[in-house]
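Asks: The structure is given below, and queries will be raised subsequently.
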């Protein structure tokens, strides 16, 4: 059942390892320009996904509520501690662990392919979309790891857990995961990706991880609407 998700996670690990090997041969001035270039591409990806919004009011409410929940939990702090701990064990060879982990996790998880592909895998056993996604994620992991470091490899765990949960729960959540819900989740995630792009370019320093709960508010909203009906 989890074959597609496992292949996707493995492709990120393999791509990340290749990128990690390439990173050692890149001079700092090239590394800086690559990060800036990726930052611009991340913003473009975010803008493209954000245009899928179907309910602007719900997006605003989701981001606000999600931000309050995330700030209360302080997800960013926990991720930073995790990243710092891993980076210390790698003795500085892991690069910007937290930034790479958060950036790549969002890029790999919030798109429609992750949601629809996982639902398709769980409901029909068809992994074609996830296999296609694994190729894209593997190539992206090479580029991301070469500039952001080992944190990208850790995002394979996020992908496996996130897509795996959707696949396993597919039969229970298929009525909730309407096209509108998927579009709204993608739009919110894409807004966070735009924020990540700004962070990478040094334009802002937002605690993006603390906004993550907002991605799931449209699902809760759809469940409430279903109950009321």
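Numbering (the working numbering), first residue to last: 1 to 229.
Backbone N, C-alpha and C fix where the C-beta goes; we use that ideal spot for every residue, glycine too.
Could you tell me the distance, in whole angstroms, from the CA atom of residue 179 to the CA atom of residue 160?
Replies: 23 Å
Asks: How is the alpha helix (DSSP H) around residue 112 delimited, first residue to last?
Replies: Boundaries of the alpha helix (DSSP H) around residue 112: 112-124.
Asks: Which whole-angstrom value is the C-beta distance of residue 192 and residue 106, which I expect to be below 8 Å?
Replies: 6 Å
Asks: Considering only the beta carbon of each residue, do residue 79 and residue 101 sit closer than 8 Å?
Replies: Taking 8 Å as the Cβ cut-off, residue 79 and residue 101 qualify as a contacting pair.
Asks: Out of 112, 98, 170 and 183, state which residue places its alpha-carbon closest to the alpha-carbon of residue 155.
Replies: 98
Asks: Look at residue 112 and residue 175 and say whether their C-beta atoms are less than 8 Å apart.
Replies: no
Asks: List the whole-angstrom C-beta distance separating residue 146 from residue 45, where the pair is believed to meet the contact cut-off of C-beta under 8 Å.
Replies: That belief does not hold up - the Cβ atoms of residue 146 and residue 45 are roughly 18 Å apart, past 8 Å.
Asks: Determine, using beta-carbon pairs with one atom in the region 209-218 and one in the region 65-76, whether at least three such pairs fall under 8 Å.
Replies: In short, these stretches touch, since the Cβ pair count reaches three.
Asks: For residue 53, which three-state DSSP category applies?
Replies: coil
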